[in-house]
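Residues 187 to 471, numbered by the numbering used here, are exactly what the sequence shown covers, in order.
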Amino acid sequence: MEKEIKDYLAQFVKQAVAEDIGDGDHTSLSTIEAGAQGEAKLIVKDDGILAGIEVAQAIMAYIDETLSCEVFIQDGSEVKVGDIAFYVRGHIQSILLAERLVLNVMQRMSGIATTTRKYVDLLKGTGTQVLDTRKTTPLLRVLEKEAVRIGGGTNHRFGLYDMILIKDNHVDYSGGIVPALTRANAYRKQLNKPIEIEIEVRNFAELDEVLNFGEVDRIMLDNFSPEDVAKAVQIIDHRFKTEASGGITFETIRSYAEAGVDYISVGALTHSVKSLDLSLKAKLI
Numbered sequence: 187m188e189k190e191i192k193d194y195l196a197q198f199v200k201q202a203v204a205e206d207i208g209d210g211d212h213t214s215l216s217t218i219e220a221g222a223q224g225e226a227k228l229i230v231k232d233d234g235i236l237a238g239i240e241v242a243q244a245i246m247a248y249i250d251e252t253l254s255c256e257v258f259i260q261d262g263s264e265v266k267v268g269d270i271a272f273y274v275r276g277h278i279q280s281i282l283l284a285e286r287l288v289l290n291v292m293q294r295m296s297g298i299a300t301t302t303r304k305y306v307d308l309l310k311g312t313g314t315q316v317l318d319t320r321k322t323t324p325l326l327r328v329l330e331k332e333a334v335r336i337g338g339g340t341n342h343r344f345g346l347y348d349m350i351l352i353k354d355n356h357v358d359y360s361g362g363i364v365p366a367l368t369r370a371n372a373y374r375k376q377l378n379k380p381i382e383i384e385i386e387v388r389n390f391a392e393l394d395e396v397l398n399f400g401e402v403d404r405i406m407l408d409n410f411s412p413e414d415v416a417k418a419v420q421i422i423d424h425r426f427k428t429e430a431s432g433g434i435t436f437e438t439i440r441s442y443a444e445a446g447v448d449y450i451s452v453g454a455l456t457h458s459v460k461s462l463d464l465s466l467k468a469k470l471i
């Protein structure tokens with residue numbers, strides 16, 4: 187797990203536990219003897235791609251560093267109904283406190299990883315990469331983009347800070363393609379860090395303006411048909427990286443990839459996935 191995810195998790199887990207526990211888990215405190223030991227197993231109840239194991243371990247370690255976790259299935263693995271992902275052993279009250287947070291995170295991440303893998307598999311042999319978007323759950327973006335990566339997808343920008351992405355509204359508010367690119371390049375020269383510029387085009391007239399201007403790193407072909415993407419890719423002729431976006435589905439993504447585009451961005455990777463069904467079942471030692 188990379189350092190930025192670990193740093194994020196430390197804060198995320200603290201806030202998530204505080205949200206859930208309030209002034210105490212009164213159900214466990216009232217029904218479970220203090221110090222009682224037990225174990226629980228994470229049972230898979232859907233076929234898919236497992237994601238969030240490392241996050242679950244971090245959650246349990248934060249809640250109770252004496253909890254031990256024996257992992258059988260790693261992030262990114264294909265799972266089927268009935269598989270056991272891990273056993274956790276230790277204080278029962280701690281296991282119960284971690285249960286819902288672990289499940290909520292892992293179910294969501296596994297659902298995203300599973301959906302991503304389906305898209306990735308559809309593009310085998312094309313060389314095109316599947317990108318996520320900023321259409322994520324507020325404050326969960328790091329986890330959701332990590333799930334995309336685990337599923338085999340590629341992360342687009344993480345936020346507004348790591349790429350200049352000039353969308354249609356930016357173009358319209360700026361007064362057109364050329365004014366937008368002129369200002370963006372002037373700003374980039376003043377900025378004290380390397381940053382790429384990508385611009386969205388809605389038609390071939392805007393594409394011609396971008397090609398005449400230059401000074402971009404990637405061109406997003408928004409709501410183009412597969413046939414028009416193929417034509418645009420030929421016109422661009424490898425001078426810039428290309429990305430297709432806009433309502434691309436399981437049924438159409440292969441045709442966009444075969445049009446020769448470098449990237450395809452799919453908001454559905456994170457904004458409308460079905461969580462993978464998982465269950466944490468406990469027993470006394």
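Just so you know, even glycine gets a beta-carbon here, dropped at the ideal spot from N, CA and C.
{"Check": "Is the CB-CB distance between L455 and T301 below 8 Å?", "Outcome": "yes"}
{"Check": "Straight-line CA distance for Y305 to K460?", "Outcome": "15 Å"}
{"Check": "I'd like to confirm the pairing. Which residues does DSSP put opposite Y273 in its beta bridges?", "Outcome": "K227 and E256"}
{"Check": "Give the single residue among A222, I229, I218 and K200 whose Cα lies nearest to the Cα of L462.", "Outcome": "I229"}
{"Check": "Could you name the residues of the same chain whose beta carbon sits closer than 7 Å to that of E264, not counting the 5 residues immediately before and after it, in chain order?", "Outcome": "I235"}
{"Check": "Provide the residue(s) that pair with L283 in DSSP beta bridges, ordered along the chain.", "Outcome": "L283 is not bridged to any residue."}
{"Check": "Note down the Cα distance separating A242 from K192, rounded to an integer number of angstroms.", "Outcome": "12 Å"}
{"Check": "Cα separation between S254 and E285?", "Outcome": "14 Å"}
{"Check": "If you reduce the DSSP assignment to three classes, tell me which class K353 lands in.", "Outcome": "coil"}
{"Check": "May I ask you to list the residues that DSSP assigns as paired with L309?", "Outcome": "Bridge partners of L309: none, in fact."}
{"Check": "Give the list of continuous alpha helix (DSSP H) stretches no shorter than 4 residues that lie fully inside the region 352 to 390.", "Outcome": "354 to 360 and 363 to 376"}
{"Check": "Assess, as a yes-or-no matter, whether the region 427 to 437 is touched by the region 404 to 411 under the definition of 3 or more beta carbon pairs within less than 8 Å.", "Outcome": "yes"}
{"Check": "Among the residues of its own chain, which have a CB less than 7 Å from the CB of G276, if the five just before and after it don't count?", "Outcome": "Q223, D250, T252, L253 and S254"}
{"Check": "Does the region 390 to 397 come into contact with the region 416 to 425, if we say contact requires no fewer than three beta-carbon pairs (one atom in each stretch) closer than 8 Å?", "Outcome": "yes"}
{"Check": "Going by DSSP in three states, Y194 sits in which element: helix, strand or coil?", "Outcome": "helix"}
{"Check": "On the DSSP bridge list, what partners appear for L406?", "Outcome": "It should be noted that the sequence gives Met, not Leu, for residue 406. Per DSSP, E386 and E429."}
{"Check": "Do L351 and E384 come within 8 Å of each other at the CB atom, strictly closer than that value?", "Outcome": "yes"}
{"Check": "Are the Cβ atoms of T319 and H356 separated by less than 8 Å?", "Outcome": "no"}
{"Check": "Identify the residues that DSSP records as bridge partners of K189: which are they?", "Outcome": "DSSP, once it has assigned bridges, lists no residue as partnering K189."}
{"Check": "Using a threshold of 8 Å, state whether the C-beta atoms of V316 and Y248 are closer than that.", "Outcome": "no"}
{"Check": "Alpha helix (DSSP H) containing Y248: first to last residue?", "Outcome": "I239 to I249"}
{"Check": "Identify every residue that forms a DSSP beta bridge with G234.", "Outcome": "V265"}
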